[in-house]
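Sequence positions in the sequence shown follow the working numbering and run 477 to 629.
Where is the CB? At the ideal position from N, CA and C, for every residue including glycine.
Being a predicted model, the structure only gives us computed values, none of them experimental.
Since the structure comes first, as structure tokens, the remarks are kept for the end.
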Amino acid sequence: MSPSTNDENAINRGTAPCVRDLLGQPVAAAFERYGRATADRRSGDDRWLRFEAPNWTLRLRARSDRVDGPALVRSWTAAFAEGFATVLEALRALGLPPPEPSVGMKDIRLPLRDGAGRVHSLTLSVRHGRIRAVTGFDEPPDWDVETPLLDDA
């Protein structure tokens with residue numbers, strides 16, 4: 477498994493948790509990456525976990541995809557103490573592939589694709605001009621990826 481942050485030294489010094497390839501992984505992978513959860517509760521079929529470090533908080537939602545199967549990470553939200561000024565900085569800190577410099581705005585807004593070709597949704601929350609949280613979901617976005625967004629037409 478990859479380390480808990482992109483800072484190879486210590487969990488406490490990282491600015492964000494590394495969430496690369498976390499969607500679809502068993503909950504055990506989260507414990508291996510981030511250590512003990514500060515909160516672990518169940519609500520219906522969902523299991524909700526919270527991991528904390530001085531500079532970030534990570535909330536996970538997990539659910540099994542079959543009877544007696546392991547709970548798999550279905551979504552995550554990483555919240556940051558300081559936030560990030562750019563999308564590139566936030567994605568890099570999370571261990572996610574940054575957009576290429578030549579990529580246009582439309583391409584950045586297309587869904588996040590993983591190594592297995594699955595499509596995931598990715599949202600960013602901005603407060604006071606800084607990216608304060610990023611959320612990843614294991615499902616495609618609500619819009620058709622071939623359909624241009626309103627401001628792209």
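According to DSSP, residues forming a beta bridge with phenylalanine 560: Ile607
Given aspartate 541 as reference, the closest of Asp522, Asn531 and Trp532 once Cα atoms are compared: Asp522
Arginine 568 to arginine 496 span [Cα, whole Å]: 10 angstroms
Reduced DSSP secondary structure (H/G/I, E/B, other) of leucine 600: strand
Valine 543, buried or exposed, once every other Cβ within 10 Å from all chains shown has been counted against 16: exposed
CB contact flag (aspartate 552, glycine 612, <8 angstroms): Note that residue 552 is tryptophan in the sequence shown here, rather than aspartate. Cβ atoms of tryptophan 552 and glycine 612: closer than 8 angstroms.
Closest by C-alpha distance to valine 549, when choosing among Glu565, Thr562 and Arg535: Arg535
Classification of glycine 605 by the beta-carbon crowding that lies within 10 angstroms, buried from 16 upward: exposed
Identity of the residues DSSP links to glutamate 528 by a beta bridge: Thr533
Pick from Thr562, Phe527 and Arg537 that is closest to leucine 600, judged by C-alpha positions: Thr562
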